[in-house]
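Structure record follows, encoded as structure tokens.
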Amino acid sequence: MAQQNRQRLALKHPSTFAQYRTLLSKDLRQEFRTKEMVTSMGIFAVLVIIVYGAALALTAQSIDIASMSGGLIWALIVFTSLTGLNRSFSHEKEQGCLEGILLVPLDRSVIYLAKATSNFIFLALVEVIAVPLFMFFFMTTVPFAPTFGMIVWPLLLGTIGMAGVGTMLATITANTRSRDVLLAVLFIPLIYPLLYACVTATTAAILGSAQWMDLYTMPLVMAAGYDVIMLLACWVLYGFAVSA
Amino acid sequence: MADELAIQARHLVKAFGTRRAVDDISLNVPRGAFLAIFGPNGAGKTTLLRMLATLSRPSSGTLAIEGVDAREHADQARDRIGLISHQPMVYPDLSAEENLLLYARLYGVADPEARVRELLDQVGLLHRRLDPVRTFSRGMTQRVAIARALVHDPDIVLLDEPYSGLDPHAVDVFDQLIDQIRPGHTFVMVSHDLRKGFSLCTHALVMARGHVVTADSKDALDFDAFERLYRETVGMGVA
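Going line by line, the protein sequences match chains A and B. If you read the first sequence in this note's numbering, its first letter stands for residue 5, the second for the next number, and so on. If you read the second sequence in this note's numbering, its first letter stands for residue 1389, the second for the next number, and so on.
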């Protein structure tokens, strides 16, 4: 029988962080080259703002837009993130790339962390444009409360949670036939506690009422707790989800 | 004997619910051998190959890759395996070089840049290394896929219908590349193409309905008799 007798190439296993960095830079390079995900999310966000404009045009004088703004901003973010998350695994499924990555000896949760980070970056990038655009179109007549800048924290915590949970669900639904619908059906109920907390904290920061600190702090702690629990759960379960 | 085996599988079973896609398969693949696995659609060939590639965990049975228990130490086994499939497993929007560097860095190849250039030269794509894979023909993409599978210098190369979608010229180029890398490697190929697979292999195995119908060294087989046996047992649905 033909016997192997050759010098193998030396492999020095990279650290988990090095593998994470390699996968993340691949996702970023790919997206900045195609701009597929950011463009589709950006266009969708603008379209939602246009729809808001049509829906609120006739009632803008009689409603308190400031007290609704937290909800409107988060509705915009949730639907925009769904558009992006649906696309986040399309590159991985195309030409069997995910299987190629799964052939590599690496902790499956590294794939999750890299993909969740890239989804967070793309979503945050769209928010940086869409939220000021919302303010410009709907809130120029509303006096800004001194606490307004504090909307950054619920936006940050909400985006982290959505990117984390959404990445897990996008992986699970990637192989299903009606993945677009299934992702929305699973995503919205699962992020509801986070959404509720973020809407409350964002609205409290925008209104800046006398009790704003009470209305702001507790939801923010809830959002942070949600993020920690859900990201840990996704980290632990990802290996099973991606292999199944 | 066992340390001469590249792959040793014992009573492998892969069940999806109550259906057994692979049902109690045992096989020994000696180092340096070229095993061709034939069978009709749904025979369980690809499921078996996915288990050998550690992409799918067996429901029961044991699997050793180069002496490493692939169920317990899948990561160690993955270092020794390269898979070339009909899907190239490369990112179309990245260049050939970027794709190979990605895999080289994930595997921990010592000098990834040098290794990638060596492989691109070997598959004849050094001049197109900076072009996105999306701009490549099917045959060129499959050459990138060969380089990807070899980037970490595996001992065992698994081929899953690698000729699927290739034109005759691309098939010739692919064959030449396989000939080049054949010394020192063990191959397992899943194919529908009886004549092509038989011409390449040192050992042949026929599967049907999750079972091994026949398995033997090519020296012990005559192609016409083998083809007749294949058609009788598989084509007639006897298996």
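For glycine and all other residues, C-beta sits at the position ideal for the given N, C-alpha and C.
Taken residue by residue, none of the stretch 214-244 of chain A has a beta-carbon sitting less than 8 angstroms from a beta-carbon on chain B. Comparing alpha-carbon positions, the option among B:Thr1621, B:Leu1588, B:Gly1553 and B:Leu1609 lying closest to Val1601 of chain B turns out to be B:Thr1621. Nearest Cα to Leu1513 of chain B within the set B:Ile1544, B:Arg1536 and B:Thr1435: B:Arg1536. What Asp1541 of chain B touches in chain A, judged by beta-carbon distance under 7 angstroms, is Arg12 and Leu13, going in chain order. Listed in chain order, the positions of the stretch 1475-1504 of chain B with a beta carbon within less than 8 angstroms of a beta carbon of chain A are Gln1475, Pro1476, Met1477, Val1478, Tyr1479, Pro1480, Asp1481, Leu1482, Glu1486, Leu1490, Tyr1491, Arg1493, Leu1494, Tyr1495, Gly1496, Val1497, Ala1498 and Arg1503. Neighbours of Asp1463 of chain B in chain A, taken as residues at a C-beta separation under 7 angstroms, are given in chain order as Pro109. When the beta-carbon positions are compared, Tyr1495 of chain B and Asn1487 of chain B stay at least 8 angstroms from each other. Taken through DSSP and simplified to helix, strand or coil, Lys1433 of chain B comes out as helix. Counting along the chain, no beta strand (DSSP E) covers His95 of chain A; the unbroken alpha helix (DSSP H) around it starts and ends at Ser94 to Lys97. Of the residues B:Phe1586, B:Val1539 and B:Leu1554, the one whose Cα lies closest to the Cα of Leu15 of chain A is B:Val1539. Taking the CA atoms as reference points, Val1521 of chain B sits about 50 angstroms from Thr221 of chain A. Between Ser113 of chain A and Gly243 of chain A, the CB-CB gap stays under 8 angstroms. Under DSSP, no beta-bridge partner is assigned to Gln34 of chain A.
When DSSP reads this structure, Ala1403 of chain B sits in a beta bridge with B:Arg1408. Contact of Thr26 of chain A with chain B by beta-carbon distance below 7 angstroms involves Leu1490, Arg1493 and Leu1494. Bounds of the alpha helix (DSSP H) holding Ser113 of chain A are Arg112 to Phe142.
Straight through space, the alpha carbons of Leu236 of chain A and Gly229 of chain A are spaced by roughly 11 angstroms. Within the stretch 1464-1521 of chain B, complete alpha helix (DSSP H) segments of at least 4 residues are found at 1484-1495 and 1500-1510, given in chain order. In the DSSP assignment, Leu161 of chain A falls within the alpha helix (DSSP H) that extends over Val156 to Thr177.
Only exposed fits Pro136 of chain A, as fewer than 16 other CB atoms lie within 10 angstroms of its CB. Comparing alpha carbon positions, the residue from A:Gly153, A:Met139 and A:Leu199 closest to Gly165 of chain A is A:Leu199. Here Gly1420 of chain B is buried, its C-beta having at least 16 other C-beta atoms within 10 Å. Leu1393 of chain B and His1599 of chain B have their C-alpha atoms roughly 21 angstroms apart. Contact between Phe1575 of chain B and Leu1547 of chain B holds, since their C-beta atoms are separated by about 6 angstroms, short of 8 angstroms. Look at Glu131 of chain A: its C-beta is not under 8 angstroms from any C-beta on chain B. Residue pairing by DSSP puts Pro1418 of chain B in a beta bridge opposite B:Leu1393.
Rounded to whole angstroms, the separation of the alpha carbons of Ser73 of chain A and Thr207 of chain A is 7 angstroms. Taking 8 angstroms as the upper bound for CB-CB distance, Leu1489 of chain B and Val1504 of chain B are in contact here, some 5 angstroms apart. Put simply, the CB of Pro193 of chain A is far from chain B, with every gap to its CB atoms at 8 angstroms or more. Following the DSSP letters along the chain, one finds Ile1453 of chain B inside the beta strand (DSSP E) bounded by residues Ser1448 to Ile1453.
Using a CB distance below 7 angstroms, no part of the stretch 1515-1526 of chain B faces chain A. By the neighbour-count criterion, in which a residue is buried when 16 or more other Cβ atoms sit within 10 angstroms of its Cβ, Ile1413 of chain B is buried. In this structure Met217 of chain A is exposed. Its beta-carbon is surrounded by fewer than 16 other beta-carbon atoms within 10 angstroms. For Arg1536 of chain B, the nearest CB of chain A lies under 8 angstroms from its own CB, placing it at the interface with that chain. When C-alpha distances from Pro147 of chain A are compared across A:Thr63, A:Asn90 and A:Ser213, the shortest belongs to A:Ser213. If the five residues before and after Phe83 of chain A are omitted, its C-beta is found closer than 8 angstroms to the C-beta atoms of Phe48 and Val52, all from its own chain and listed in chain order.
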